[in-house]
Each structure stands twice: as C-alpha cells, then as structure tokens.
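Colleague: Which chain is which? The protein sequence lines are A and B, in order. Mind the numbering: the first sequence is residues 1 to 695 in the UniProt record's numbering, read in order. Mind the numbering: the second sequence is residues 1 to 695 in the UniProt record's numbering, read in order.
Protein chains: 2
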Amino acid sequence: MASTSSLTLSQALLARAVSHHATEHFRDSRLSPVSLPTFSGLKSITYTATRATTATNCRRVSSRQVRAAAVETLDATTDTSLVEKSINTIRFLAIDAVEKANSGHPGLPMGCAPMGHILYDEVMRYNPKNPYWFNRDRFVLSAGHGCMLQYALLHLAGYDSVKEEDLKSFRQWESRTPGHPENFETPGVEVTTGPLGQGIANAVGLALAEKHLAARYNKPDSEIVDHYTYVILGDGCQMEGISNEACSLASHWGLGKLIAFYDDNHISIDGDTEIAFTEDVDKRFEGLGWHVIWVKNGNTGYDEIRAAIKEAKAVKDKPTLIKVTTTIGYGSPNKSNSYSVHGSALGAKEVDATRQNLGWPYEPFHVPDDVKQHWSRHTPAGATFEAEWNAKFAEYEKKYSEEAAELKSIINGVLPAGWEKALPTYTPESPADATRNLSQQNLNALAKVLPGLLGGSADLASSNMTLLKMFGDFQKDTPEERNVRFGVREHGMGAICNGIALHSPGLIPYCATFFVFTDYMRAAIRISALSEAGVIYVMTHDSIGLGEDGPTHQPIEHLASFRAMPNILMLRPADGNETAGAYKGGYIISDNSSSNKPDVILIGTGSELEIAAKAAEELRKEGKAMPTRKVVLPAAVEARVSIEAGSTFGWEKIVGDKGKAIGIDRFGASAPAGKIYKEFGITAEAVIAAAKEVS
Amino acid sequence: MASTSSLTLSQALLARAVSHHATEHFRDSRLSPVSLPTFSGLKSITYTATRATTATNCRRVSSRQVRAAAVETLDATTDTSLVEKSINTIRFLAIDAVEKANSGHPGLPMGCAPMGHILYDEVMRYNPKNPYWFNRDRFVLSAGHGCMLQYALLHLAGYDSVKEEDLKSFRQWESRTPGHPENFETPGVEVTTGPLGQGIANAVGLALAEKHLAARYNKPDSEIVDHYTYVILGDGCQMEGISNEACSLASHWGLGKLIAFYDDNHISIDGDTEIAFTEDVDKRFEGLGWHVIWVKNGNTGYDEIRAAIKEAKAVKDKPTLIKVTTTIGYGSPNKSNSYSVHGSALGAKEVDATRQNLGWPYEPFHVPDDVKQHWSRHTPAGATFEAEWNAKFAEYEKKYSEEAAELKSIINGVLPAGWEKALPTYTPESPADATRNLSQQNLNALAKVLPGLLGGSADLASSNMTLLKMFGDFQKDTPEERNVRFGVREHGMGAICNGIALHSPGLIPYCATFFVFTDYMRAAIRISALSEAGVIYVMTHDSIGLGEDGPTHQPIEHLASFRAMPNILMLRPADGNETAGAYKGGYIISDNSSSNKPDVILIGTGSELEIAAKAAEELRKEGKAMPTRKVVLPAAVEARVSIEAGSTFGWEKIVGDKGKAIGIDRFGASAPAGKIYKEFGITAEAVIAAAKEVS
C-alpha cells in the first residue's frame with residue numbers, strides 16, 4: 001500500500017510511552033541523555049541456599065503422597081490433600097477478596113486454581129523477594145479480570161507486594177491489588193492485562209525476548225538466559241483477533257518455551273460460548289503451527305496438568321497450547337458453570353454454601369498453617385535460584401566480558417555512556433530528505449550503541465524505513481538477529497513489543513506502520529502508555545501527503561487522538577535534527593523579532609513546518625516580525641496561526657481565541673499529494689492570509 | 001468485566017456515522033424525524049429481457065469451446081480464447097491505469113483477473129445500470145489496494161460509474177476511481193476497503209444481512225431474497241486478526257452463501273510470506289468451521305475455479321474459502337512473483353515486455369471489440385434480472401402485503417412515518433436511571449417500529465443493555481431473529497455492522513461494548529464514518545464511573561479522540577430525554593439568567609451534567625445568574641467552566657482563553673467510582689471554585 005509522497009519533508013512520527021509517575025520510575029528517562037540507576041537483578045542476595053531444604057523437610061507426609069514425577073518440580077512429592085488444600089486456599093482468597101470489595105471476578109480463580117497452584121508451587125522458578133530477578137520464569141494472566149488468582153498466588157509465594165492487607169484492599173483506592181493486573185502497581189505482575197487478548201500477545205513478546213537473548217548470550221558452557229513464559233488465557237482472549245495474530249507469529253518464530261493454558265470453561269459474560277464461539281480451537285492452533293494438548297479434567301486432574309506441562313517442555317520447536325477444561329466458579333454449588341459467577345461477588349449465602357461444599361471451615365482470608373508452611377519454602381528457594389544464577393553470571397563474566405557487559409546493560413537498563421553521540425547531526429547543507437529516511441539513519445546509528453534495540457514493521461519495512469542494515473531477520477533459526485518481521489498484524493505487533501519492553505529494562509523495541517493504522521493497534525499503544533512499556537512507535541505517512549492512496553490511508557484525526565492520550569510522548573519531526581533530537585522538545589527555528597513582541601507567531605509541525613517557514617519568509621518581506629515556532633508562547637502575542645495537515649481539534653489551546661488553526665477537518669482524498677494540499681488549503685498562502693487576519 | 005457504577009446517570013454514549021456530503025446523500029438524516037427520499041431498487045426498468053439472448057447470440061464460436069458446466073453461468077460456453085482475451089483485457093486495463101497514474105497496485109489485478117472474470121462474467125447476477133438493485137450478488141475486494149481489478153470489471157460490465165475516462169483518471173483529484181475502493185465515490189463498489197481485513201468482515205455482514213432478510217421475508221412460493229456474497233482477500237487480510245474474528249462468526253452463523261477467494265500468491269510488501277506467515281491457512285479455516293477448497297492453478301485453471309464455485313454453492317450450511325494459488329503480477333516477465341509488482345507501476349519497459357509476453361498488441365486502455373461485444377450482454381441481462389425480480393416482487397406484494405411493505409422500507413431506507421413517536425419520553429418525575437438502561441428502552445421501542453433495526457454486543461449485552469426483548473438470537477438456525485451475539489470480537493463486530501448497514505439502506509445495525517474498547521474497533525468505526533455506513537455504536541461505561549475495574553477499563557481520551565474524527569455524530573446523553581432525543585443537539589437544561597449576559601456558563605456532559613447542575617444550584621444561592629448548558633455560547637460571556645470526566649484536550653475551543661476545563665488528563669484508577677471522582681476533582685466543589693475563579 002506504499003506510495004511515495006511528492007513532499008520531501010515529514011512522514012515519520014515517533015511516539016513512545018512515558019512514565020506517569022516520573023519520580024518513582026526510571027523508564028521515562030531511558031532514552032534521555034542522563035545516566036540511569038540500576039533497576040534489578042545482579043544484586044547480592046542474603047538468603048542462604050540451605051533454607052530451601054530445611055523448609056521442604058518440614059512438610060507433612062501422608063499416605064496419599066503422589067509423585068508428580070511428570071514435571072520438573074520444586075517439590076515432587078507433595079501430599080495430594082495438601083495440594084487440594086492449597087488450591088482451595090487460592091479459591092477462597094479470591095472469593096473473600098471479591099466479597100469484601102463487593103466487586104470483581106471470582107469465577108476464573110476458582111476454576112484455574114489447580115493450574116495456578118501447579119505453576120507457582122511446582123513448576124515456575126522465581127524469587128519472591130526480588131520480583132525483577134532477570135532469569136525468572138514469566139507468568140501472564142491474559143484473562144486479567146481473574147487477577148485475584150494471581151494476587152493469591154503472589155501472596156502465598158511470599159511476594160511483599162501482596163500482603164494480607166493488600167488482599168483485603170482489593171480494588172480500593174491506592175491499593176496494590178487493582179481490579180485488573182497492573183505491572184506498575186504490583187511487583188510480580190509482569191504486564192498490564194484486562195483488555196482481552198493483550199496478555200497472550202505480551203507473552204509472545206516475553207518469549208521472543210528470551211529466545212533472542214538466549215541466542216545472543218548463551219554459550220556452549222553457560223546457558224545464562226533460560227526461562228519459560230507461561231500464560232493463562234480464556235475464551236474471551238481466544239475470540240479476539242489479536243491473539244490469533246500473535247499466536248501465528250509465535251509458532252512462526254518457533255517459540256518452544258512459550259506454554260499457554262487455555263482455560264476452556266465454556267462460559268463468557270453473555271452465557272455459554274455456544275452462542276458465539278463454536279469453532280474448533282485445537283484445530284485452529286494446529287493450523288497456526290502449535291503443539292496442542294487437551295487436559296480434560298482441569299478441576300481435579302492435577303497429574304494430567306503436570307503431564308501436559310512435561311510434554312510441552314519436551315516440544316522445543318513449537319509453542320504449546322494446553323487446553324484445560326475447567327468449571328468456572330468450581331466449588332460454588334449454585335453458581336458454578338454459569339456466567340453469574342464470572343464478574344460479581346458470590347454473595348454471603350453462596351460463599352457459605354461454597355465453604356460447606358469444599359469443606360472450608362476457615363475465616364475469610366485465612367491461610368491454613370500447613371499451606372503457609374508448604375509455600376514458605378519459595379522464599380529461600382527463590383533466593384537460591386538467584387544466588388546460583390548470580391554465581392553462574394560471575395563465571396560467565398570472567399570468560400565473556402564483552403557479552404556480559406552488554407547483557408548487564410540489557411538487564412539493568414543502563415544505557416552506555418554517551419550513546420546519544422552516535423546520533424547523526426545535520427546542517428543546512430544536508431540534502432533534504434523524508435523524515436522516514438532520516439529516522440532509519442537514526443535507528444541504524446542507535447542499533448550500533450544500544451544492544452537492546454530491536455524491532456520492525458507490520459509488513460511495511462521498506463516504506464517505514466525501519467530495517468537495521470547490519471542485522472538479519474529475527475527468525476526461528478536466526479533468533480540472534482534484530483529485524484523483526486511482524487507481517488500485517490499491527491495489533492499483535494504493538495502488544496508483542498509491550499512484552500519485549502517489559503521483559504528487561506534495557507530492551508528497547510520499536511515498531512512501525514502507516515500512521516493511519518495505529519487505529520488497528522490503539523489498544524496496544526494504550527497499554528504501552530499505561531504500563532510504561534517504552535516502545536518506540538515509528539509511524540510514517542502521517543497525513544494527506546501520501547496522496548493517491550486516498551482517505552482510507554490518510555490519517556487526519558490521529559495526531560489529535562494521541563495528543564489526548566495520557567503518558568505518550570508524541571513528536572512529529574520536520575527534518576534531520578528534529579528527528580535525531582526529537583527528545584529535546586520544541587525550539588525556535590527562525591526568529592527575526594528583536595523584542596519579546598513579535599507581530600504574529602506561526603506554528604507548524606512535520607511537513608507543514610516547511611509551509612509555515614515559506615509563509616514567514618513572505619511576511620517578513622512585508623515587514624512583519626515573527627518567529628516560526630517557539631517553546632513558550634508569550635501571552636502578550638495573541639496573533640497566532642498554526643498549520644498542520646490534520647484535525648484542528650485541540651489547537652485552540654495553542655492558538656487561543658484570537659488565533660487561527662489551519663488544518664483538515666474532513667477525510668482526505670485520492671490524488672497527488674500536492675494537489676490535495678492545495679485543494680485543502682494547507683498552503684503558505686493560507687498561512688499568510690490568516691496571519692494578516694489575526695495580526 | 002462489568003461493574004455497576006455508583007452513579008446513576010450516564011454511561012451510555014451513542015455514535016454514528018454521518019454523511020460528509022450532506023446534500024448528496026440521505027443517510028445522514030436517516031434517524032432524524034424527516035421523511036426520506038427513495039434510494040434504489042423497485043424502480044421501473046426500461047431494458048427488455050430479450051436483448052440478453054440477442055447479445056449472447058453474437059458471440060464468436062470456435063473449436064476451443066469449453067463448457068463450463070460446473071457453474072450456473074450466464075454463458076457456459078464461452079470460447080476459452082475469448083476468456084483469455086477478456087482476462088488479459090482486465091490485466092492491461094489495470095497495468096495501463098497504474099502506469100498513467102504512476103501510482104497504484106498492478107500485481108493483484110494481474111494475478112486475480114481469472115477469478116475476477118469468472119465472477120463478473122459468468123457467475124454473478126447484477127444490473128450494471130442499477131448498481132443498487134436489491135437482490136444483486138455482492139462483491140467485496142477485501143484486498144482493496146487491487147482496486148483496478150474491480151474498476152476494470154465494472155467498466156467491462158457496463159457500469160456508468162467507470163467509463164474509459166474514469167480509468168484514465170485513476171487516483172486523480174475528484175475522479176471516480178480513487179486509490180482504494182470507496183462505496184461513496186463509485187457506484188458498484190459495495191463497501192470501502194483498503195485497510196486490510198475490513199472487507200472480509202464487511203462481506204460477513206453482507207451475507208448475514210442476506211440470510212436474515214431471506215429468513216424473514218422468503219415464502220415457500222417466493223424466494224424474494226436470494227443472493228451470494230463474494231469476496232477476494234489476500235495474505236495481508238489473512239494475517240489481520242479482524243478476519244479471524246469475522247470468519248469465526250461466519251461459520252458459527254452458517255453463512256453458506258458467503259464464498260471467499262483467498263488470493264494465495266505468497267507475496268506481501270516485505271517479500272515472500274515465508275518471512276512472517278507460515279501457518280496452515282486451510283487447517284485454520286477448517287478449525288473455524290469453513291468448507292475449504294484449493295484451486296492449485298489460479299492463473300489459467302479456469303475450470304478449476306468454476307468447479308470450486310460450484311462446489312462452494314453446493315455447501316449450504318457453511319461459508320467456503322477457495323484458496324486460489326496465483327502469481328502476483330502474472331504475465332510480467334521480470335516482476336511477476338515479486339513484491340516489486342505489488343504496489344508500483346511496472347514502468348514503460350516492463351509494460352512493453354508484458355505486452356510481448358502476453359501477446360497484447362493493443363494501445364493502452366484498449367478493449368478489443370470481441371471482448372467488448374462479449375461483455376455487452378450484461379446490460380440487457382442485468383435489466384432482465386431486475387425486471388424479473390420486480391415482477392416477482394409484485395406477485396409477492398399481492399400475497400404478502402405486510403411483509404412486502406416492511407421489506408420495501410428496508411430496501412428503500414424510507415422509515416415508517418412517525419417512527420420517532422415510538423421513543424419514550426421522560427418527566428422530572430421519572431426515576432433516575434443509568435442511560436444504558438434508558439438506551440435499552442429506546443432500542444426496544446425503536447425495534448417495534450423500525451423493521452431494519454438489529455444488532456448486539458461484543459459479549460457485554462447485559463452490561464451494555466442492548467438486548468431486544470421481543471426477539472431471540474440471530475443464530476444459524478434462527479436467522480430471522482434480531483439479537484446478534486458477536487462474542488468478544490469488537491473489531492469484527494464493527495466491520496460486520498458496516499456490511500449490514502451497506503447491504504440495504506433500511507438496515508440499521510447497532511453494536512455495543514465498553515467505551516474503552518472502541519480502541520479495538522477504531523479502524524472499523526473510521527470506515528463507518530468514511531463510508532457513511534449508518535451504524536449506531538452504543539458505548540457504555542464511558543469514564544472513571546466504572547470504578548473498580550481500573551484504568552484498563554476507564555476511557556479518558558476517547559471522547560476527545562472521536563471528537564477529532566470527521567463524520568461521526570457523537571452524543572453523550574445525561575438522562576432519558578437526552579438519550580431519546582439525542583438527535584436534537586444541545587439545549588439549555590436550566591437558566592435563571594434574565595438577560596443574555598449570565599455571570600458564568602457551566603457546561604457538562606453525561607454523568608457530569610448532574611455535577612454541573614449541583615454546582616449551579618449552589619452558585620445561584622450566592623446570586624450568580626447562569627445557565628448550565630446552552631446551544632450557543634454568547635461571545636460576551638468569557639467566564640465558562642466545563643466539566644467532563646475525560647481529557648480536557650479540545651475543550652479550550654468551548655471554554656476559551658478565559659474559561660476553565662475540568663477533566664482528567666491522566667489514566668484512571670481502580671477504586672469505587674465516587675472515590676475516584678472525588679480524588680480526581682470531578683466534583684461540584686471544583687466547578688464552584690472554577691466558576692468563582694473565572695467570573
């Protein structure tokens with residue numbers, strides 16, 4: 001769909017998420033030329049390795065011991081009755097928290113407690129006292145509404161972010177347990193989910209990051225990067241197109257360490273999935289190239305779940321979907337297997353009935369001692385994992401100092417000193433060029449100095465100009481490369497990049513498409529902004545300048561729509577230095593006014609800056625004093641004209657009551673770009689006329 | 001994900017596309033209380049049926065006659081050499097138009113010309129002189145960039161919208177042949193495509209409309225609604241998640257008369273599909289529940305294509321995907337089967353080489369006489385189709401006058417006189433209620449008087465309050481019903497509704513989700529706006545009022561983002577009468593100012609109107625004169641305060657330099673709604689303070 005604009009300036013636009021808690025987080029300044037504090041990982045650990053053994057020795061041993069030999073577990077011989085007790089603890093923590101908040105989603109945690117227990121208690125490697133330990137297994141709850149499952153698991157596992165009081169303040173003002181999982185509120189939560197389908201795509205990004213870093217940094221004698229990515233997704237996630245996009249890529253890339261649990265409970269908000277979702281999901285996933293396993297009894301078939309995970313781990317060249325058939329609200333005698341248990345509190349009466357039914361004599365929020373004792377081993381075990389890994393890394397560093405330094409910067413997010421000097425500079429003598437070409441020069445310059453920069457386009461690499469010339473394609477068999485080919489999957493691309501960004505502070509993913517197609521990925525961009533995932537969006541072909549492709553391809557309202565979105569830094573550069581220095585903010589490009597009182601202020605962005613400059617030249621010939629653009633608009637100068645080939649919505653704030661905003665408040669048209677600019681009045685003549693009118 | 005707001009007002013928001021050529025089209029006033037002109041169909045036809053026969057008798061007959069007995073054709077015995085000549089005509093019209101424009105996409109038309117020819121020349125039933133004839137087969141080019149294929153076909157078939165001069169002004173200012181197909185520019189183009197994946201979803205909507213109307217109006221003795229929907233989609237459409245969403249629904253609904261041609265050419269913009277698209281599409285579609293056929297030779301296997309269509313028509317309970325393996329740019333010796341032929345002109349040299357290669361001695365834009373002659377029969381044949389159908393309808397009308405009147409109103413888009421009187425009215429004594437509930441009362445009232453009203457929600461019917469109580473669910477075996485269950489597929493839903501709306505002027509689809517999830521479907525909403533598809537979007541839970549679900553579910557920037565979009569009428573009603581009368585525009589809700597000079601103007605929308613009203617009450621006690629909202633803001637009153645629980649972006653235009661906009665310019669939070677309103681300062685106190693500050 002690419003077409004070359006007849007205008008040389010503009011058409012590259014960069015946006016990225018910035019922190020909305022600037023003082024608390026470091027991410028927002030990641031690309032600014034200041035040094036950054038160390039974030040996580042690689043710090044010394046005070047826990048001793050021996051405590052892990054001590055803790056497991058304390059467990060009760062009963063005749064009902066089941067050896068879960070099927071899986072690599074921390075604890076392969078847990079008493080089944082204790083497993084059940086732990087699972088019911090998870091269920092009731094969810095039930096009680098939702099009940100107290102009188103708001104929330106108990107159904108999923110009740111149904112998914114068994115797989116949740118097995119993952120966090122038997123399978124996953126993590127350090128609860130350092131949620132950011134680099135080599136941890138990642139877990140994503142794509143069905144984010146069921147977040148009480150994850151909060152209960154983090155609580156049992158010993159994460160400081162979810163104490164009993166946090167469970168009791170579920171969904172309350174300033175609590176660490178919001179209504180959907182938010183990575184920036186709750187350490188231990190990897191990504192922000194809730195909008196369905198995002199999480200599975202984030203998980204694809206996390207698994208991509210692992211495969212990429214493993215390929216770059218692992219050595220025959222040291223597997224320094226080595227973790228799994230687990231995700232639970234529900235029927236809702238499965239219906240969303242974004243999940244199909246991301247899952248198609250996951251198998252294309254051979255992400256064998258991605259293991260997805262599909263909570264197949266046959267219930268969505270409107271009732272049985274029979275009313276809208278009757279496709280054969282297994283077959284679709286086989287078509288997508290996944291390994292598919294069906295656990296028929298997800299409610300009590302613990303060994304089935306364990307065996308499935310073992311099988312999934314054995315399949316190394318494909319991601320695995322484990323379809324786990326569960327009962328939503330399992331244990332609730334009157335509400336299970338119905339939509340009524342999905343999204344609201346059970347109510348006191350049904351809570352009692354459920355306590356009876358599952359034989360749960362405890363007070364709300366109670367964790368039985370043996371369950372508590374059982375889970376307590378994860379604190380020392382996690383410390384051991386991290387300590388062992390740190391020791392391994394120290395060895396690695398001795399042998400492979402260069403790789404270790406790079407990996408460290410990816411882990412810590414500390415950019416190499418002076419990285420910004422790598423950016424090209426331009427002079428007035430530099431040949432004029434489209435900013436998308438200038439953007440490519442900048443990306444290529446940055447790729448040399450930023451080891452964590454990787455990314456690509458949604459099948460428009462040659463139009464968006466996003467190829468890194470010194471690298472090949474990240475593919476199944478070349479995962480060490482840094483050009484990612486997303487195909488025509490904008491939404492999946494954005495969400496995958498969110499996963500990459502949130503994998504490690506020093507990974508800086510970029511992604512690209514035509515600006516108009518941000519409409520396809522807006523939900524993912526919003527999550528970038530909200531979750532402070534520092535994704536760089538390279539959006540080209542940003543207005544009617546693309547000409548002949550016509551209104552379906554001409555973004556008119558998009559600049560305004562992103563200016564209204566919190567937490568996004570959006571820049572529309574007009575030339576090489578603006579592209580390179582996009583992170584410096586606005587500045588004066590020309591000014592012949594000798595005082596602080598110019599006659600009129602002209603404001604332009606991107607392509608239209610050139611038009612504004614031409615108009616200024618004409619007006620100066622007639623004796624007007626004016627800058628073309630300024631950081632600060634002096635209040636005294638009410639004569640202001642802005643020009644931008646997009647919606648004038650929002651420009652009133654800048655131009656004020658007395659000023660005039662020139663823009664486009666209709667859809668575009670198919671014709672050569674110059675013709676459309678002229679017909680739509682995006683011209684120097686229009687600026688001159690407006691300037692005379694207002695000054 | 002539903003949660004009930006503690007505030008009783010608001011949370012329903014209605015948006016719909018309006019015409020951007022208000023004087024030329026009638027759609028924008030469809031829901032306004034005025035009578036509407038007749039649009040299409042049911043008008044008298046002057047062509048005679050006999051000419052069809054005459055035309056076919058003129059054909060050349062050669063020894064290479066192939067009987068395409070496989071399909072119902074207009075002309076089952078066309079000489080293969082003439083078929084090939086016709087196909088090459090299509091190819092060269094595309095090549096020549098792109099060459100002249102020096103812009104466009106020749107690759108797809110060259111590869112898809114065979115299926116295009118067979119569809120338009122042998123299979124489809126249409127009337128070129130009345131592109132709006134109701135019972136026509138619908139064709140959608142989902143891979144819209146290949147629009148020269150469709151323009152060439154419309155030209156050969158005799159549509160007045162695409163004359164030779166239109167082909168010659170391809171992609172030029174004000175031409176009828178824009179760079180992507182636009183239904184509002186080119187009669188014969190059903191829907192606006194280009195953004196990939198939209199068209200296949202539109203086609204699902206068109207096929208849904210046919211199945212629905214057939215179920216309601218067909219009689220054992222009269223199949224008055226009976227047409228197919230054909231669509232061509234490419235690899236790009238296949239990769240987009242929206243196509244998976246829509247195709248999952250297509251089989252769920254058993255849309256047997258939907259036949260999709262998948263142009264399997266292995267090339268996308270970035271190169272071979274091997275780099276990003278290696279899934280097994282056939283298997284995925286089988287998983288989705290489609291009948292799948294593979295035509296291995298789409299370049300010259302005309303009989304294979306014909307046989308596939310026959311087979312597809314025989315499968316009545318499922319949609320069919322015909323995977324047609326083609327060569328992009330077929331015929332170009334040096335550029336075929338490469339991305340270089342996808343999106344730019346071949347260049348004079350390669351055009352010459354292609355002419356040589358395909359044995360095409362003609363001048364640019366030439367249609368050989370025998371090809372012209374061959375296609376000329378479609379004008380009389382189309383007239384015959386329509387005349388026969390009109391006669392059938394006349395019979396139908398005699399027997400089934402009530403049904404005929406309803407169907408006529410659906411066909412013509414003429415709403416029953418006085419339909420708006422069915423809307424409920426509310427008095428100050430009416431109990432306060434959430435506008436989503438009021439919206440449901442309105443929808444149910446309208447469904448009684450508007451036979452074309454149908455729709456539903458993306459799995460949030462009970463939260464969006466969109467069920468029509470007197471109807472059941474539109475399903476495979478109950479297609480006559482009017483509640484559509486879209487599942488969690490917002491993007492597919494929007495695009496399917498676009499297809500329904502554009503099927504017949506009197507079909508009025510509505511669709512619903514939480515307002516924040518418009519991010520998932522924004523690309524489809526934009527097409528509603530651009531293509532004047534009068535879809536009603538019922539968007540509930542429109543700000544922080546949804547409380548505990550938190551920032552992932554709280555739309556902050558969305559009101560502003562749609563206010564910047566052209567051609568969308570967005571209304572945020574605050575009570576029953578605003579909901580019912582949403583189409584009337586703004587009005588004064590209370591005014592104690594006796595002159596035209598109030599002290600301060602308070603402006604609120606939706607939920608916040610109540611807050612503004614409370615503040616006004618307080619301020620009046622202190623002696624201030626003010627209205628709470630007004631249609632026209634007197635310029636003399638610069639003391640203006642707006643309050644809306646969303647981005648303040650754009651409000652400066654309303655409140656002006658001296659006024660103050662109260663809103664939310666950060667993401668939301670998870671907590672009870674009242675708490676968030678208070679913490680965010682969306683309160684009467686804040687309005688009072690601001691009013692005092694500015695006045």
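Cβ atoms here follow ideal geometry from the backbone N, Cα and C, with glycine treated the same way.
Taking Cβ-Cβ distances below 7 Å as the criterion, which residues of the stretch 540-567 of chain A are in contact with chain B?
Modeller: Those would be GLU548, ASP549, GLY550, PRO551, THR552, HIS553, ILE556, GLU557, ALA560, SER561, ARG563, ALA564, MET565, PRO566 and ASN567, in chain order.
Colleague: In three-state DSSP terms, what is ASN464(B)?
Modeller: In the structure shown, ASN464(B) sits in a helix (DSSP, three-state: H, G or I).
Colleague: Count the other CB atoms, across all protein chains shown, that sit within 10 Å of the CB of MET470(A); report buried if there are 16 or more and exposed otherwise.
Modeller: Answer is exposed; the Cβ neighbour count stays below 16.
Colleague: Hey, how far is the Cα of ASN162(B) from the Cα of GLU578(A)?
Modeller: It should be pointed out that residue 162(B) corresponds to Val in this sequence rather than to Asn. Rounded to whole angstroms, VAL162(B) to GLU578(A) spans 45 Å at the Cα level.
Colleague: Tell me which residue opens and which closes the beta strand (DSSP E) that ARG563(A) is part of.
Modeller: Segment 558-563 is the alpha helix (DSSP H) holding ARG563(A); no beta strand (DSSP E) there.
Colleague: Under 9 Å between beta-carbons, which chain A residues line up against ASP280(B)? List them in chain order, please.
Modeller: Here the neighbours are GLU286, GLY287, LEU288 and GLY289.
Colleague: Are the C-beta of ILE324(B) and some C-beta of chain A separated by less than 8 Å?
Modeller: According to the sequence provided, residue 324(B) is Val. The question's Ile does not apply to it. Closer than 8 Å: no.
Colleague: List the residues that DSSP assigns as beta-bridge partners of GLY121(B).
Modeller: The sequence as given places Asp at residue 121(B); Gly does not occur at that position. Beta-bridge pairing links ASP121(B) to no other residue.
Colleague: Starting from PHE680(B), trace the alpha helix (DSSP H) both ways and give me its first and last residue.
Modeller: Per DSSP, PHE680(B) belongs to no alpha helix (DSSP H) and is neither H nor E.
Colleague: Three-state secondary structure (DSSP) at ARG171(B)?
Modeller: The answer is coil: DSSP assigns ARG171(B) none of H, G, I, E or B.
Colleague: Hey, LEU467(A) and ALA458(A): beta-carbon distance below 8 Å or not?
Modeller: For LEU467(A) and ALA458(A), no; Cβs fall outside 8 Å.
Colleague: Name the chain B residues that come within less than 7 Å of TYR520(A), Cβ to Cβ?
Modeller: The answer, in chain order, is ALA523.
Colleague: If you draw a straight line from the C-alpha of SER243(B) to the C-alpha of THR273(A), how long is it?
Modeller: Roughly 20 Å between the two C-alpha positions.
Colleague: At what residues does the beta strand (DSSP E) containing TRP294(A) begin and finish?
Modeller: From DSSP, the beta strand (DSSP E) with TRP294(A) extends over 291-295.
Colleague: Examine chain A for any beta-carbon lying closer than 8 Å to the beta-carbon of ASP166(B), and answer yes or no.
Modeller: Taking Cβ atoms only, chain A never reaches closer than 8 Å to ASP166(B), which makes this a no.
Colleague: In chain order, what residues of the same chain lie with their CB nearer than 8 Å to the CB of ASN442(A), ignoring the 5 residues before and after it?
Modeller: Excluding residues within five positions, the ones whose Cβ falls inside 8 Å are LEU423, PRO424, THR579 and ALA580.
Colleague: Do the stretch 364-380 of chain B and the stretch 176-195 of chain B make contact, defined as three or more Cβ pairs closer than 8 Å?
Modeller: Touching, no.
Colleague: Just list the residues that DSSP pairs THR513(B) with in beta bridges.
Modeller: Note: THR513(B) sits in a beta bridge opposite MET539(B).
Colleague: With a cut-off of 8 Å, does the C-beta of ASN334(B) fall near any C-beta of chain A?
Modeller: No, no contact with chain A.
Colleague: Tell me, to the nearest whole angstrom, how far the beta carbon of ARG640(A) is from that of ILE662(A); I am working on the premise that it is less than 8 Å.
Modeller: That pair is no contact at about 11 Å.
Colleague: Would you call ALA381(B) buried or exposed, if buried means 16 or more other Cβ atoms sit within 10 Å of its Cβ?
Modeller: Classification of ALA381(B): buried, given that the 10 Å Cβ count is 16 or more.
Colleague: Of the choices THR320(B), LYS421(B), GLU693(B) and LEU233(B), whose alpha-carbon is the least far from that of VAL600(B)?
Modeller: Answer by Cα proximity: GLU693(B).
Colleague: In chain order, what residues of the same chain lie with their CB nearer than 7 Å to the CB of ILE269(A), ignoring the 5 residues before and after it?
Modeller: Only TYR339, HIS342 and GLY343 meet the Cβ criterion.
Colleague: I'd like to check one pair, GLY205(A) with ALA404(A): are the Cβ atoms closer than 8 Å?
Modeller: No, they are not a contact pair.
Colleague: Counting only beta-carbon atoms, is ALA434(B) nearer than 8 Å to chain A?
Modeller: It does not; no Cβ of chain A falls within 8 Å.
Colleague: Give the DSSP bridge partners of SER222(A), in chain order.
Modeller: Answer is LYS219(A), bridged to SER222(A).
Colleague: Can you grab the Cα-Cα spacing for the pair LYS675(B) / SER463(B), in whole Å?
Modeller: Rounded to whole angstroms, LYS675(B) to SER463(B) spans 22 Å at the Cα level.
Colleague: Please determine if the stretch 168-180 of chain A and the stretch 200-215 of chain A are in contact, where contact requires at least 3 C-beta pairs separated by less than 8 Å.
Modeller: As far as the Cβ criterion goes, the stretch 168-180 of chain A does not touch the stretch 200-215 of chain A, which means the pair count is below three.
Colleague: From the DSSP output, in three-state form, read off residue 696(A) for me.
Modeller: No information on residue 696(A) is available, as it lies outside the stretch 1 to 695 that chain A covers here.
Colleague: So, for TRP360(A): in the same chain, excluding its five sequence neighbours on each side, which residues have a beta-carbon less than 7 Å away from its beta-carbon?
Modeller: Counting only Cβ-Cβ distances below 7 Å, and skipping sequence neighbours, we find ASN88 and PHE92.
Colleague: Using beta carbons (cut-off 8 Å, strictly below), is VAL488(A) in contact with chain B?
Modeller: Yes, VAL488(A) counts as interfacial toward chain B.
Colleague: Tell me whether ARG570(B) sits in a helix, a strand or coil according to DSSP, three-state version.
Modeller: According to the sequence shown, residue 570(B) is Met rather than Arg. Three-state result, MET570(B): strand.
Colleague: If you compare alpha carbons, which of VAL324(B), GLU165(B) and ILE611(B) is closest to ILE682(B)?
Modeller: Nearest of VAL324(B), GLU165(B) and ILE611(B) to ILE682(B), Cα basis: ILE611(B).
Colleague: In chain A, which residues lie less than 7 Å from ALA461(B) when you measure between Cβ atoms?
Modeller: Simply ASP270.
Colleague: Could you have a look at GLY197(B) and say whether DSSP puts it in helix, strand or coil?
Modeller: Reduced to three states, the DSSP call for GLY197(B) is coil.
Colleague: I'd like the list of long-range same chain contacts for CYS448(B), defined as Cβ closer than 7 Å, with 5 residues on each side in sequence excluded.
Modeller: The sequence as given places Lys at residue 448(B); Cys does not occur at that position. So the qualifying residues of the chain are ALA422.
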